[in-house]
Amino acid sequence: MLNGLWLGFFVVATVSALAQWLVGGNAGIFAAMVESIFAMAKLSVEVMVLLFGTLTLWLGFLRIAEKAGIVEWLAKVLGPLFKRLMPEVPPGHPALGLITLNFAANGLGLDNAATPIGLKAMRALQELNPSATTASNAQILFLVLNASSLTLLPVTIFMYRAQQGAADPTLVFLPILLATSASTLVGLLSVAVMQRLRLWDPVVLAYLIPGALALGAFMALLATLSATALASLSSILGNLTLFGLIMLFLVIGALRKVKVYEAFVEGAKEGFEVAKNLLPYLVAMLCAIGVLRASGALDFGLDGIRHLVAWAGWDTRFVDALPTAMVKPFSGSAARAMLIETMKTQGVDSFPALAAATIQGSTETTFYVLAVYFGAVSIQRVRHAVGCALLAEFAGVVAAIAVCYWFFG
């Protein structure tokens with residue numbers, strides 16, 4: 002699947018560039034595409050520099066958590082649930098605890114912590130995979146849920162809105178929470194259908210129903226806070242949780258007689274090795290995305306959607322938010338640039354800007370996640386992972402637009 006998608010990016014970009022040259026007379030389009038290839042190759046190295054430090058740091062702390070028994074404890078707590086969702090993973094396996102930590106970090110918007118934890122979980126799942134190149138059911142479920150972007154505290158979106166002068170930066174908090182919940186639900190259901198998982202099992206319901214009730218109560222509590230208090234809570238809770246995890250690992254490790262420094266260095270060395278193997282996958286994917294963007298193919302598609310929406314007699318305001326949705330599966334930085342551009346040109350509190358912010362907060366860079374997570378364990382055949390992840394992404398976009406019409410339309 003990734004082979005076809007990667008080749009498709011270049012084919013679509015080539016067709017678009019030829020059309021601009023032969024029909025539009027834009028002879029400089031090919032120079033822009035070549036420049037984009039080298040720019041993306043440079044960006045890949047810059048991303049890797051950040052990943053080296055982040056992966057080395059967090060995999061060091063995770064090795065302390067492993068030796069202190071924290072990961073094993075989490076695996077036992079969630080064992081009954083994952084026994085049904087991931088039947089091929091043995092009860093108490095370390096991967097289950099790592100998956101739990103990854104979801105918790107994503108939910109709190111702690112991207113720097115979530116990625117290395119997720120890579121560690123993927124490597125643990127690969128140890129159980131009978132194939133060296135084909136994704137297992139457990140790996141697919143984990144990746145799709147990870148790519149569905151369940152975010153409870155979208156701190157970065159608040160920051161973007163505040164930078165652009167929004168009177169209430171947290172105005173999109175509840176819309177994002179509803180939209181990201183929809184994308185995660187669709188991702189889980191799509192994988193359950195493909196893998197014939199029994200979500201109606203009493204044990205599964207015993208975990209999911211209390212979680213849903215807790216989420217509803219949390220939403221109700223946050224809805225009573227002022228915008229200032231909510232933004233302050235988001236920042237404090239995120240940073241406190243991040244540093245709290247570090248101290249939790251260190252304190253429990255020390256109490257259990259773990260040599261924390263030596264354990265950290267041991268895990269950090271593994272983080273360096275993991276990061277080193279990611280560069281080829283990042284270069285391949287980012288260069289293809291850069292060519293597609295430079296060719297003008299994305300702009301052409303957006304104009305086509307606008308004409309179709311107008312022809313159908315629907316409101317076209319949401320179309321101006323679609324650039325963020327269209328590039329988000331490929332590039333987080335491009336989606337962020339699209340969001341900021343929409344805020345500047347349309348107004349930070351305009352409907353397109355609010356919709357774009359909600360889309361940005363409730364969707365994930367699906368192809369980046371696919372490339373990094375599967376690339377870290379050299380998976381080449383991803384089976385139904387791409388389809389399920391993109392379906393969750395699409396659900397997040399549709400839900401974001403629908404919720405914004407409900408809140409702001």
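Quick note on our numbering: the sequence shown kicks off at 2 and runs consecutively.
For glycine and all other residues, C-beta sits at the position ideal for the given N, C-alpha and C.
Asked                                                                                                                                            : Found
Considering just the uninterrupted stretch of the alpha helix (DSSP H) at His308, what are its terminal residues?                                : Ala298 to Trp312
DSSP three-state label for Arg384, please.                                                                                                       : coil
Would you mind giving the Cβ-Cβ distance between Phe11 and Ala289, rounded to the nearest angstrom? I have them listed as a contact below 8 Å.   : 6 Å
Quick check: the Cα distance between Asp380 and Ala136, rounded to an integer number of angstroms?                                               : A small fix is needed here, since residue 380 is Ile in this sequence, not Asp. Each residue's Cα considered, the two are about 6 Å apart.
Just verifying my parser: in three-state terms, what is the DSSP assignment at Thr498?                                                           : The structure shown has nothing for residue 498, since the chain only spans 2 to 410.
Give the range of the alpha helix (DSSP H) segment to which Leu293 is assigned.                                                                  : Leu280 to Ala295
From Ala255 to Ala264, what distance separates their C-alpha atoms?                                                                              : 11 Å
Does the contact criterion of 3 or more C-beta pairs under 8 Å hold for the region 336–351 versus the region 302–311?                            : no
Measure the beta-carbon distance from Leu169 to Arg85 and round it to whole angstroms, keeping in mind my assumption that it falls under 8 Å.    : The question names Leu, but residue 169 in the sequence shown is Asp. So it is not a contact: roughly 42 Å between Cβ atoms.
Quick one, which of Ile360, Ala139 and Ala298 has its alpha-carbon nearest Ala322's?                                                             : Ile360
Can you tell which of Ala400, Met34, Gly26 and Leu60 has its C-alpha closest to the C-alpha of Ala250?                                           : In the sequence under discussion, the amino acid at residue 250 is Phe, which differs from the Ala named in the question. Answer by Cα proximity: Leu60.
Under 8 Å, do Val145 and Cys389 count as touching if we go by C-beta distance?                                                                   : yes
Taking DSSP's pairing of strands, which residues face Thr135 in a bridge?                                                                        : Arg382
Report the three-state DSSP secondary structure of Leu331 (helix, strand or coil).                                                               : In the sequence on display, residue 331 carries Phe and not Leu. Phe331 falls in the coil class under three-state DSSP.
What is the rounded straight-line gap between the Cα of Ile30 and the Cα of Leu355?                                                              : 32 Å
Ignoring anything shorter than 4 residues, give me the alpha helix (DSSP H) runs that lie fully in the region 126–195, in order along the chain. : 138–148 and 156–164
Can you give me the C-alpha to C-alpha distance between Val310 and Leu44, rounded to a whole angstrom?                                           : 35 Å
Are the CB atoms of Tyr161 and Ala358 within a distance shorter than 8 Å?                                                                        : yes
Below 8 Å on the Cβ atoms is my guess for Ser363 versus Thr181; work out the distance and round it to an integer in Å.                           : 4 Å
According to the neighbour-count rule (16 or more other Cβ atoms, all chains shown, within 10 Å of its Cβ), is Leu206 buried or exposed?         : exposed
How would you write the range of the alpha helix (DSSP H) that Ala28 sits in, first residue to last?                                             : It is not in any alpha helix (DSSP H) - Ala28 carries neither H nor E in the DSSP assignment.
Which value, in whole angstroms, describes the spacing of the CA atoms of Phe104 and Tyr369?                                                     : 18 Å
What do you reckon, are the CB atoms on Leu63 and Gly268 nearer than 8 Å?                                                                        : yes
What's the C-alpha gap between Ala218 and Arg197?                                                                                                : 31 Å
Quick check on this structure: which residue in Ala401, Val387, Trp407 and Ala403 has the alpha carbon closest to the alpha carbon of Met195?    : Val387
Once DSSP output is grouped into helix, strand and coil, what is the label at Arg199?                                                            : coil
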